[in-house]
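Notes follow once the structure below has been shown.
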Amino acid sequence: MEWLFLAVSFVAVLAAAMMLTRRNAVHSALFLIVNFGCVAFLYLMLDAPFLAMVQVTVYTGAIMVLFLFVIMLLGAETTTDTSGRMRWLGLAGSAVAILLLLIFAFPIASDMLSDESPAPLDGRARLRVINAVPGGDGAEFTVMEMGFAMPLVGTLSANVALDALDEAMPDKRIDGVEYNDPREAIRAYRELDAGAYTIAVGVDDGSYASGPFFSKDLALAAESATSLVIYENAEDLIDVAVLTDDLSAPALGKMRLTLFNAVTDRQVSLVEVGQYTDRRSLCDDASCNSLIPHRVVIAELPAGQHTSIELGEGSYNLAFVDQDQTVLRTLANYQADRGLIETRVLVREPGIPGSQPSYRAAVYNAMGAPAFGSPEAVGHVLFIEYVLPVMLVGMLLLVALIGVIVLARPDALAQAERRRINRRRRVNRPLVSVISQQTGADVLSGDYVAKLTGGSDDPPGE
Amino acid sequence: MNPIGVEPYIVLSMVLFLLGALGVLMRRNAILVFMSVELMLNSANLALVAFAREWGHVNGHVFVFFVMTVAAAEVAVGLALIVNIFRERQSINIDELQQMQG
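Protein sequence lines, in the order shown, are assigned to chains A and B.
To convert, take the position in the first sequence, counting from 1, and add 176; that gives our numbering.
To convert, take the position in the second sequence, counting from 1, and add 77; that gives our numbering.
Have a look at this one:
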């Protein structure tokens, strides 16, 4: 990497220096193209693929072609000359450049090359915690007078310590992860060094924090993304499921949906139900001899398991059904946007004991932000945060376009041409010839001429 | 991840900027002066991208994008001016362009 950078930057500086010193303007332009290409390569090294692309297309493509075109149009290849009185400036400037190189570049370059230590850990791992335990304990609820249920006791808030030995380290703790937590900071992945961890899950219900009552060994591979789902298993014990998330882009025009089943006693299927979004069951009759038309998307997912599918772009009417064909939850008009990576955790909501349970498919959107420097990221910032400047720049381009058209309109060019010809005529045809033409007298001889030309008040030629 | 820090890029951008400034001061050909200005803009862009990488902030890229757009507009207008000046005077030596000198 260091060698690559040094080589590319050397070529860039060399091309820039050659551009400055070439007599022929076309050669200068070609060296500038080399320099721009090197800069585009450096943009790639700096994780800016979009700008590298723009650099190549706009700079080396459009702008330099315009330069070459104008140079060749004017025949101005060699009209340049470094004027003598500026030569000292060149010498002084070169001296300053070399001095700067010696002062700044060489220590850094030698540092880069002498660094024998292994490169820092290339990939980091990403981890997030999903709390899928709606209430502390299914029985501990209070029915309030208004008649709706409020989980008063034991809304579980999980503390996850990433290393049992290092619990005190604040950056190795993820505290207060609540059920269906809306906070972006909690829902997002956080970056960790890859490696082996021991995770410990504790409970924090606001009044007291109990110590870690669950621990698990966890290996985080580099460049991987992991979701820890805290859920209640079939024995009503807190358990942790480890989901390895695939954050690579889904196939073109598709989204990736990961479903985790945190409903302990149900095998959940995800089906597409078409227009039958209001059915409580897939059964068409009471004895369930026939089913309403549907298409199975995910079949029979046991509790504590997860699976991923890719859905084509579009709008779907989806339903989560259990093994008895009972509809647990309907997702009407579910929008599958291309490129979306979504994790859904199906949980049973706390309700009044004995009443019909309700289910919830909590969303955990994995696509926080597009990759740094990608066209998506730059486009997002450009067209959402900087809409007004984009408009202004567009206006500027329009004004520049009109300006160029005005400057180059044949009318103006013809005018300039006429002016130039007039001036030349005035210069080239001195007064004497005009007089001789008008009087017919031969005034172009003898001291007559000397007198006339010597006393002529013609402006000096340019 | 990029094991190279931001400093080498800044030094490179500094050197390129200096070369561009030298070109502006030394060369008398208007087109070459123009190309040197482009070189300076590019070195500033390189510094912006390097800092954007360092801070993990994509706004730097947006500014570079704007600089590129403005540079494209500037080149179009500037070259049109140069063409007109050349037609007028058969020369693009900037030492000869002194009408506006106060």
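By construction, the Cβ of each residue, glycine as well, lies at the ideal position given by its N, Cα and C atoms.
Below-8 Å beta-carbon distance, ALA148 (chain B) vs any chain A residue: Sequence index remark: in the second sequence, residue 148 (chain B) carries index 71 (1-based). For ALA148 (chain B), the answer is yes, since a Cβ of chain A falls inside 8 Å of its Cβ.
Own chain residues within Cβ distance below 6 Å of VAL449 (chain A), not counting five before or after: Residue mapping note: residue 449 (chain A) aligns to position 273 of the first sequence, counting from 1. HIS470, ASN493, ALA495.
Neighbourhood of PRO478 (chain A) by C-beta, 7 Å cutoff - its chain only, sequence neighbours within 5 removed: Residue numbering aside, residue 478 (chain A) sits at position 302 when the first sequence is read from its first letter. Once the five neighbours on either side are set aside, the close Cβ partners of PRO478 (chain A) are ASN437, GLN443.
Spatial neighbours of ARG300 (chain A) in its chain, beta-carbon cut-off 8 Å, leaving aside the 5 residues before and after: Counting from 1 along the first sequence, the entry for residue 300 (chain A) is found at position 124. The answer, listed in chain order, is GLU367, LEU368, ASP369, ALA370, ALA398, GLU399.
Below-8 Å beta-carbon distance, MET91 (chain B) vs any chain A residue: Here residue 91 (chain B) refers to the residue found at position 14 of the second sequence. Chain A contact via Cβ: present.
Short-range partners of chain B found in the segment 211 to 238 of chain A, where Cβ spacing is below 8 Å: ASN211, PHE212, VAL215, LEU218, TYR219, MET221, LEU222, ASP223, ALA224, PHE226, LEU227, VAL230, GLN231, VAL234, TYR235, ALA238
Chain-ordered residues of the segment 559 to 590 of chain A with a beta carbon less than 7 Å from chain B: So the list reads TYR562, PRO565, VAL569, LEU572, LEU573, ALA576, GLY579, VAL580, LEU583, ALA584, LEU589, given in the order they occur along the chain.
Under 9 Å by beta carbon: chain B residues contacting GLY549 (chain A): For the purposes of this step, residue 549 (chain A) is identified with residue 373 of the first sequence, where counting begins at 1. Neighbours of GLY549 (chain A) on chain B, chain order: VAL126, ALA129, ARG130, VAL135, HIS138.
Rounded distance between the beta-carbons of TYR407 (chain A) and GLY480 (chain A), thought under 8 Å: Position 304 of the first sequence holds residue 480 (chain A). Position 231 of the first sequence holds residue 407 (chain A). Between TYR407 (chain A) and GLY480 (chain A) the Cβ distance is about 7 Å, and since that is below 8 Å, they are a contact.
Validate contact between the segment 120 to 134 of chain B and the segment 240 to 249 of chain A using beta carbons, cut 8 Å, 3 pairs: Fewer than three pairs of CB atoms, one per stretch, sit closer than 8 Å, so the segment 120 to 134 of chain B makes no contact with the segment 240 to 249 of chain A.
Which residues DSSP lists as bridging VAL539 (chain A), in chain order: As a working mapping, residue 539 (chain A) is identified with position 363 in the first sequence. Its beta-bridge partners are A:ARG520.
DSSP three-state assignment for TYR452 (chain A), whether helix, strand or coil: Indexing the first sequence from 1 puts residue 452 (chain A) at position 276. Coil, per DSSP.
Limits of the unbroken beta strand (DSSP E) element including MET431 (chain A): Taking the first sequence and counting its residues from 1, one reaches residue 431 (chain A) at position 255. From DSSP, the beta strand (DSSP E) with MET431 (chain A) extends over 430 to 437.
Beta-carbon neighbours of ILE209 (chain A), restricted to chain B and to distances below 9 Å: Within the first sequence, numbered from 1, the residue matching residue 209 (chain A) stands at position 33. Neighbours of ILE209 (chain A) on chain B: none; closest Cβ ~10 Å, over 9 Å.
CYS214 (chain A) burial status per 10 Å Cβ neighbour count (16 or more: buried): Counted from its first residue, the first sequence places residue 214 (chain A) at position 38. The residue is buried, with at least 16 neighbouring Cβ atoms inside 10 Å.
Per-residue burial, SER204 (chain A) [other beta carbons within 10 Å of its own, 16 or more giving buried]: Counting from 1 along the first sequence, the entry for residue 204 (chain A) is found at position 28. A residue is called buried once 16 or more other Cβ atoms fall within 10 Å of its Cβ, and SER204 (chain A) is buried on that count.
Short Cβ contact (8 Å threshold) for LEU558 (chain A) with VAL139 (chain B): Residue numbering aside, residue 558 (chain A) sits at position 382 when the first sequence is read from its first letter. Residue numbering aside, residue 139 (chain B) sits at position 62 when the second sequence is read from its first letter. Their beta carbons are under 8 Å apart, which means LEU558 (chain A) touches VAL139 (chain B) by this criterion.
Buried or exposed (CB count within 10 angstroms, at least 16 for buried), PHE217 (chain A): Your numbering for residue 217 (chain A) matches position 41 in the first sequence. Answer is buried; the Cβ neighbour count reaches 16.
Beta-carbon neighbours of ALA157 (chain B), restricted to chain A and to distances below 7 Å: Working through the second sequence from its first residue, we reach residue 157 (chain B) at position 80. Simply VAL580, LEU583, ALA584.
Chain-ordered chain A contacts of MET177 (chain B) [CB-CB under 9 Å]: As a working mapping, residue 177 (chain B) is identified with position 100 in the second sequence. None at all; the shortest Cβ gap to chain A is about 16 Å.
ALA193 (chain A) beta carbon less than 8 Å from that of ASN106 (chain B): Counting from one through the second sequence, the residue named residue 106 (chain B) turns up at place 29. Counting from one through the first sequence, the residue named residue 193 (chain A) turns up at place 17. In this structure, ALA193 (chain A) does not lie closer than 8 Å to ASN106 (chain B) by Cβ.
Minimum Cβ-Cβ distance from SER204 (chain A) to chain B less than 8 Å: Numbered from 1 along the first sequence, position 28 holds the residue referred to as residue 204 (chain A). Yes, because at least one Cβ of chain B sits closer than 8 Å to the Cβ of SER204 (chain A).
Straight-line Cα distance separating THR146 (chain B) from GLY579 (chain A): Stepping through the first sequence from its first residue, residue 579 (chain A) is reached at position 403. Stepping through the second sequence from its first residue, residue 146 (chain B) is reached at position 69. Each residue's alpha carbon lies about 16 Å from the other.
At least 3 beta-carbon pairs within less than 8 Å: the segment 410 to 424 of chain A vs the segment 498 to 513 of chain A: no
Amino acids of chain A, ordered along the chain, whose beta-carbon sits closer than 9 Å to that of ALA121 (chain B): If you number the second sequence from 1, residue 121 (chain B) lands on position 44. Taking a Cβ-Cβ cut-off of 9 Å, ALA121 (chain B) has no neighbours in chain A, whose nearest Cβ is about 11 Å from it.
ALA508 (chain A), buried or exposed, once every other Cβ within 10 Å from all chains shown has been counted against 16: Here residue 508 (chain A) refers to the residue found at position 332 when the first sequence is read from its first residue. Per the 10 Å Cβ criterion, exposed.
is_contact[VAL157 (chain A), chain B] using C-beta, thresh 8 Å: Summary: the structure shown does not reach residue 157 (chain A), with chain A confined to residues 177 through 638, and so no result is reported for it.
Minimum C-alpha distance to LEU196 (chain A) - residue among B:MET117, B:VAL141, B:TYR86: Here residue 196 (chain A) refers to the residue found at position 20 of the first sequence. It is B:MET117 whose Cα lies nearest to the Cα of LEU196 (chain A).
Residue(s) in a DSSP beta bridge with LEU265 (chain A): What you label residue 265 (chain A) is simply residue 89 of the first sequence in a count that begins at 1. Answer by DSSP bridge pairing: none, since LEU265 (chain A) is not bridged.
Cβ-based neighbour list, ILE159 (chain B), same chain, cut-off 8 Å, excluding 5 preceding and 5 following: Along the second sequence, read from residue 1 onward, the residue named residue 159 (chain B) stands at position 82. Correct list, in chain order: ALA107, ILE108, PHE111, ILE169.
Under 8 Å between C-beta atoms of PHE142 (chain B) and VAL230 (chain A): The residue labelled residue 142 (chain B) in the question sits at position 65 within the second sequence. The residue labelled residue 230 (chain A) in the question sits at position 54 within the first sequence. Judged by beta-carbon spacing, VAL230 (chain A) lies within the 8 Å limit of PHE142 (chain B), meaning their Cβ atoms are closer than that value.
Cutoff 6 Å; reference THR502 (chain A); Cβ partners in own chain excluding five residues on either side: Residue mapping note: residue 502 (chain A) aligns to position 326 of the first sequence, counting from 1. Counting only Cβ-Cβ distances below 6 Å, and skipping sequence neighbours, we find SER457.
For ILE306 (chain A) and LEU404 (chain A), believed in contact at Cβ under 8 Å, the rounded distance: As a first step, residue 404 (chain A) is located in the first sequence; it is residue number 228 there, counting from the start. As a first step, residue 306 (chain A) is located in the first sequence; it is residue number 130 there, counting from the start. Distance from LEU404 (chain A) to ILE306 (chain A) at the Cβ level is roughly 7 Å; contact confirmed, criterion being Cβ atoms closer than 8 Å.
Counted within 10 angstroms of its Cβ, other Cβ atoms place VAL472 (chain A) as buried (16 or more) or exposed: Along the first sequence, read from residue 1 onward, the residue named residue 472 (chain A) stands at position 296. Answer is exposed; the Cβ neighbour count stays below 16.
Cα-Cα separation between ASP454 (chain A) and MET221 (chain A), rounded to whole angstroms: The sequence position of residue 454 (chain A) within the first sequence is 278, counting from 1. The sequence position of residue 221 (chain A) within the first sequence is 45, counting from 1. So the two alpha carbons sit approximately 54 Å from each other.
Min CB distance LEU116 (chain B) to chain A below 8 Å: Numbered from 1 along the second sequence, position 39 holds the residue referred to as residue 116 (chain B). Interface residue, yes.
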